[in-house]
Amino acid sequence: MMKKIFYLLIIPMVIFTSCDDDDGYSLDKFWINMATVENPDNEAYFYMRLDNNDLLWIAATNYYNYTPRTGQRILADYTILNDRPAGSIYQHDVKLNDAYNILTKDIFYITPATQDSIGNDPVGINDMWVGGDFLNVRFYYPGNNKIHFINLVKDLSVEPQETGTIHLELRHNANDDTETFRRYGMVCFNLMSLFTQTSTTPQRVNLVIHIKNIDGNDITKEFIYDPENKQVSPKEFSRDDFQEHKNVSIE
33 MMKKIFYLLI IPMVIFTSCD DDDGYSLDKF WINMATVENP DNEAYFYMRL
83 DNNDLLWIAA TNYYNYTPRT GQRILADYTI LNDRPAGSIY QHDVKLNDAY
133 NILTKDIFYI TPATQDSIGN DPVGINDMWV GGDFLNVRFY YPGNNKIHFI
183 NLVKDLSVEP QETGTIHLEL RHNANDDTET FRRYGMVCFN LMSLFTQTST
233 TPQRVNLVIH IKNIDGNDIT KEFIYDPENK QVSPKEFSRD DFQEHKNVSI
283 E
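If you read the sequence shown in this note's numbering, its first letter stands for residue 33, the second for the next number, and so on.
As structure tokens, then:
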């Protein structure tokens, strides 16, 4: 389940979504980006890799008990402290101002026996894009107080019809929740997990995502995933995004 980490530091509301060494760095500037955690020692000081492949070291933090696992996707609010010298394994030392654990999942492989349990309830899509090794989704659904389930699935009973194309389904199980409020959520699906089920070498593929939209209609979205030339997230985030998703119960 996604987890909200509250921040204590109040900083003027100026948003920066990319680094510009020519501007210099100061403690009143902050960046907000999605990143993937690299934390093999389960410490409060860890690396996080941006979708442009920049590696950042958490040299200072407001949350000494925050120890996200390796592979966890986070929405990170951070301040750049300095650049690292040429030849360093990472690009910047940063201070972590706030962090939001985004639900992070592998591809789920369904069979006829698990087809019904995975659910197929409508879901609204705000944004969907490939960034890094992930299909990233910002979604919404009508709900109240039950835990909902969302998965990206590959049907093992369907034979592939097109070389270099993978069909996947975004599946939502509302768990018979009442449609009282509109809830917003974020989820990241690890696309590298497409290749862990077989000995296939990761390669460039076309992705076709099948979705039962919020109005009940079946729609598709198409993307390219290239492990050798990772795409950078085109989305910009603000501190309002932390607040928007904190009350969502989704697994």
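Cβ coordinates follow ideal geometry from the N, Cα and C atoms, glycine included.
Taking C-beta atoms as the reference points, D165 and P72 fail to come closer than 8 Å. Residue G103 holds the alpha-carbon nearest to the alpha-carbon of N74 among G103, Y172, R81. Counted as a single uninterrupted DSSP element, the beta strand (DSSP E) harbouring M218 occupies residues 213-222. Pairing K253 with N183 gives a Cβ-Cβ distance that is not under 8 Å.
Of the candidates I256, H180, C220, I112, H180 places its Cα closest to the Cα of N205.
For F213, the number of other beta carbons within 10 angstroms of its own is below 16, and it is reported as exposed.
Scanning the segment 69-142 from its first residue to its last, no whole alpha helix (DSSP H) run of 4-plus residues comes out. Contact annotation: N158 and R203 have beta-carbon atoms that are not nearer than 8 Å. By the Cβ rule, the segment 86-103 does not count as touching the segment 139-150, because fewer than three pairs are nearer than 8 Å. Assigned with DSSP and collapsed to three states, D250 falls in strand. Per DSSP, R236 has no beta bridge partner at all.
Between D115 and F62, the C-beta gap is not smaller than 8 Å, which leaves the two residues out of contact. Residue pairing from DSSP places G175 in a beta bridge opposite F213.
DSSP places D273 in the helix class (H, G or I) of the three-state scheme. Within its own chain, the residues whose Cβ lies closer than 7 Å to the Cβ of G163, once the five positions on either side in sequence are excluded, are M66, D83, Q263, V264, S265, listed in chain order. According to the DSSP assignment, D148 belongs to no beta strand (DSSP E), since it is labelled neither H nor E.
Sorting I246, R170, H199, Y216 by C-alpha distance to the C-alpha of L223 places H199 at the top. From the listed residues V69, M160, D125, Y257, the smallest Cα separation to I112 is found for D125. From the listed residues L88, A91, Y77, G156, the smallest Cα separation to G248 is found for G156.
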